[in-house]
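Have a look at the structure below before the remarks.
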Amino acid sequence: MDTVRSLQHLHAAYILTWCVQLGYVLYLVRSFVEVKREAEELKK
Amino acid sequence: MNRAAFTFSAIVVAILLSYGLHQALDVAPTEATMGNIQRIFYYHVASFTVAFVMFGTNLLASVIYLVQRNTSSGAAADAMAVSAAELGVIFCSIGLLLGMLWAKPVWGIWWTWDPRLTSTFVLWLIYVSYLMLRRLSDSGQAPTLAAALAIFGFADVPIVYMSIRWWRTQHPQPVIFGEKGSGLDPAMVTALLVNIAAFMCYGILVLWVRYKLERARQQLHEAQALHSLELARAEAR
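Below you can see the structure in the form of structure tokens.
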């Protein structure tokens, strides 16, 4: 059962999980920066 | 949570996740029939566990919002509801994708419309529509409508959970809380529990960050509305 293809799928699964999670965390960081910038603009 | 507590929590979560990865890839025994591809199981089940907890949080927060919608705690519940739904969709998407990557080498197909997969896909669609309703609707009623959708949408969670017990499916029968004779090797149970705990801690930490972002957005929108009102008043004078 352990073909090269199935090992590739296993590695892809673990890499994909953390790519999606890190992408989401980066999106959150970017959104925080945007909200902060808009709040500062409003204060001016 | 202050900055030091957040940094400490993030370090603990990173250690837990690394330990979970080590358990899943190095410690857990290789499954006899499927081989190493079965190791996807530890992330697949952990992702869906967190997704279900997030959808449960969304349900609870939606009910609180509907009860107290005109109070400040109602706004906080609304922020929690949208944050939990978003994280639930992220974890559910990962669970579905991992399932497909696991299915292809084992079943020979990426996807099949069996009751477990179909009900999970419907669950994913329900919460994606919830988020689209929140994102695209300009109506002030959007949070109320979304909260009602969340309450009906959660009804699919027990259907997803029970589907492999109620119907004959291509998806494997339950190995946890399953019938007599089903079960996992103790080393596999340890790897699974460590990964569920690690994913849960990570999910709660990110949920807290997402909640803070939503509260900041709510405060910004309130300040912008007040500012526009003051400008309109000044122009009228």
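Protein sequences, first through last, are from chains A and B. Under our numbering, the first residue of the first sequence carries the number 9, and numbering increases by one thereafter. Under our numbering, the first residue of the second sequence carries the number 796, and numbering increases by one thereafter. Ideal placement from N, C-alpha and C gives every residue a C-beta, glycine not left out.
- Look at the region 807-886 of chain B and you find these whole runs of alpha helix (DSSP H), each 4 residues long or longer: 835-862.
- Judged by DSSP secondary structure, residue 1019 (chain B) falls within the alpha helix (DSSP H) whose first and last residues are 981-1031.
- Looking at the backbone, the Cα of residue 13 (chain A) and that of residue 955 (chain B) are separated by about 29 Å.
- Counting along the chain, residue 31 (chain A) sits inside the alpha helix (DSSP H) bounded by residues 12-51.
- One finds 1008, 1011, 1012, 1015 in chain B with Cβ atoms closer than 8 Å to the Cβ of residue 43 (chain A), taken in chain order.
- The three-state secondary structure of residue 950 (chain B), taken from DSSP, is coil.
- Interface annotation, residue 869 (chain B): not in contact with chain A, CB-CB separation never under 8 Å.
- Contact annotation, residue 942 (chain B) with residue 1008 (chain B): C-beta distance approximately 19 Å; criterion of less than 8 Å not satisfied.
- At least one beta carbon of chain B lies nearer than 8 Å to the beta carbon of residue 28 (chain A).
- A residue is called buried once 16 or more other Cβ atoms fall within 10 Å of its Cβ, and residue 881 (chain B) is buried on that count.
- A residue is called buried once 16 or more other Cβ atoms fall within 10 Å of its Cβ, and residue 983 (chain B) is buried on that count.
- Pairing residue 834 (chain B) with residue 817 (chain B), the inter-Cα distance amounts to about 11 Å.
- Nearest to residue 27 (chain A) by alpha-carbon distance, out of B:1032, B:885, B:798, B:922, is B:885.
- Proximity of residue 896 (chain B) to chain A, defined by a Cβ-Cβ separation below 8 Å, is satisfied.
- The three-state reading of DSSP puts residue 970 (chain B) in coil, since its state is none of H, G, I, E or B.
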